[in-house]
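Heads up: the sequence shown is residues 25 to 395, going by our numbering.
Even for Gly, the Cβ is constructed at its ideal location relative to N, Cα and C.
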Amino acid sequence: MKTFTKTFKNVLMACFMLASTNFLAQTIITIDNNSGSTTTHQTIQAAHDAASAGDIIYVQPSGTSYGAVTIDKELTIVGRSHSEPSKISLLDGVIIRSSNVTLKGLKLSSLYPQSSGALVAPPFVGLTVYECNVSSLQLGEGQAAPIVSIDDVKVRGCILKSVNYIYEDATNVLFSNNIFDSPTPLYIYNTTSSVIANNVFRFQSSLTFRNNNPSGTAILYNNMFISNYGGESVINFRSGDFNLSNNLIYNYADTFNTVFANVSGGTHLESNTLANTDPLFTNVDSTVSTSLAGTGAYNPTIRLEEDLTLQAGSPALTGGGGGSEMGLYNNGFLYNTIGNPKGIPTLDVISYDGAVPKNGNINVTINAKAH
């Protein structure tokens, strides 16, 4: 982090240079619905409609949602954070009707593709969702193969709060380096081109996965299954076959009472499991309900000192496939607990002159931090 003081004119130039270094070919549109804002657009749909393909929309943090949006052109939409106190960029439902869409640093109520009304027929190729908090995520529209609605989807560094669907018509799907905070995190219809690896699945008494592909095996590897429940906690596999390799299981309340189970036709093969093994996160607190190790809904806003990196000596550092690291930071991925998007600097005004003479300079002190 760097702290420095500049005149206001120079601060504006510094901000522009920081924000535009990687986006020289695009137009950058900023939306801000806070009191006193003078931005041209104050809803995400209005900014979308004014943008051209390839543009970038910055969503300023606000206590008020910027509404819903239907994206029918190639765009990058970037927020400040999904969980930083007083600095959350919040959208309602997001509908995807375009290829090459990137979403970063946002809190979303829902996200799903929809081919009806699309300017270009699906498949929509290239959806990237990084450092977002998503309440409801649906990939595909439930259409039978060989129809493909959406292809090449990457979901990384996110918090996923409800049931997440991978339908048959969603192909080449990657869920990696995420926290799933739901008792029913995944309903999988496409097992042949879905990768589910290096995630943390957080639950209490039970966790249920569904594989709705009768002829395919769903593969889960290098994941952690974390609970805090004073009794037997059960990880259920329902409706289809699963292959589990190099996963870790730990219950903070009852360290020898978490099991894998098959229910209602589900089966699973298991290998190299670190059962009842403390991952040794650097800083979690099982007495705080909103901690990753807690008993309530996970909320990183409440406990900012939470640190999910692994301590030296953690068995998870080498417990993954081929001796790799399990969980959120595999392959050097820099998971951010509050969802500041990678590659985008954050700027905070620390102090400024309360009054200056006419035509004078305003001295502003800012903190600049790259992620």
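Proximity below 8 Å, CB of residue i to CB of residue j
i	j	result
residue 397	residue 69	Here the chain covers residues 25 to 395 and nothing more, so residue 397 does not appear.
residue 98	residue 125	yes
residue 178	residue 210	no
residue 354	residue 201	yes
residue 180	residue 203	no
residue 171	residue 148	no
residue 332	residue 297	no
residue 222	residue 195	no
residue 114	residue 134	no
residue 191	residue 229	no
Inter-residue spacing [alpha-carbon to alpha-carbon] between residue i and residue j
i	j	result
residue 272	residue 324	22 Å
residue 131	residue 183	9 Å
residue 364	residue 248	23 Å
residue 47	residue 75	With a pLDDT of 44 at residue 47, under the threshold of 50, the modelled position of that residue is not reliable, and the figure given next carries that caveat. Residue 47 and residue 75: Cα-Cα distance of roughly 14 Å.
residue 233	residue 78	37 Å
residue 309	residue 327	9 Å
residue 277	residue 73	50 Å
residue 153	residue 128	6 Å
residue 347	residue 339	10 Å
residue 168	residue 343	37 Å
residue 334	residue 356	12 Å
residue 54	residue 261	45 Å
residue 137	residue 337	43 Å
residue 123	residue 151	7 Å
residue 305	residue 290	31 Å
residue 52	residue 241	44 Å
residue 396	residue 315	With the chain covering 25 to 395 only, the question about residue 396 has no answer from this structure.
residue 63	residue 307	40 Å
residue 351	residue 329	19 Å
N- and C-terminal bounds of the alpha helix (DSSP H) containing residue i
i	result
residue 73	68-74
Terminal residues of the beta strand (DSSP E) in which residue i lies
i	result
residue 267	265-269
residue 248	248-251
residue 231	230-235
residue 260	257-262
residue 226	224-227
residue 126	125-128
residue 241	241-245
residue 359	Looking at the DSSP string, residue 359 is not in any beta strand (DSSP E), and its letter there is neither H nor E.
residue 82	80-83
residue 119	114-120
residue 103	99-103
residue 217	That residue, residue 217, is in no beta strand (DSSP E); it is neither H nor E in DSSP.
residue 94	93-95
residue 211	210-212
Q: Let me know the beta strand (DSSP E) ranges lying completely inside the stretch 272-353, each 3 residues or longer, listed in chain order.
A: 272-275, 282-287, 291-295, 305-307 and 331-334, all fully within the stretch 272-353.
Q: Take every Cβ of the stretch 138-151, pair it with every Cβ of the stretch 108-117, and state whether three or more of those distances are shorter than 8 Å.
A: Remark: fewer than three beta-carbon pairs, one from each stretch, lie closer than 8 Å, so the stretch 138-151 and the stretch 108-117 are not flagged as touching.
Q) Okay, do the stretch 157-165 and the stretch 187-194 touch, 3+ Cβ pairs below 8 Å being the bar? A) Taking a cut-off of 8 Å for Cβ pairs, the stretch 157-165 and the stretch 187-194 touch, as three or more such pairs fall below it.
Q) Counting only runs that start and end within the stretch 133-205, where is the beta strand (DSSP E) found for 3 or more residues in a row? A) Within the stretch 133-205, the complete beta strand (DSSP E) segments of 3 residues or longer fall at 148-154, 161-163, 174-180, 188-190, 194-200 and 203-205, listed in chain order.
Q. Does the stretch 250-257 touch the stretch 284-298, meaning 3 or more C-beta pairs lie closer than 8 Å?
A. Using a Cβ-Cβ distance cut-off of 8 Å, the stretch 284-298 and the stretch 250-257 are not in contact, since fewer than three pairs of beta carbons, one from each stretch, lie closer than that value.
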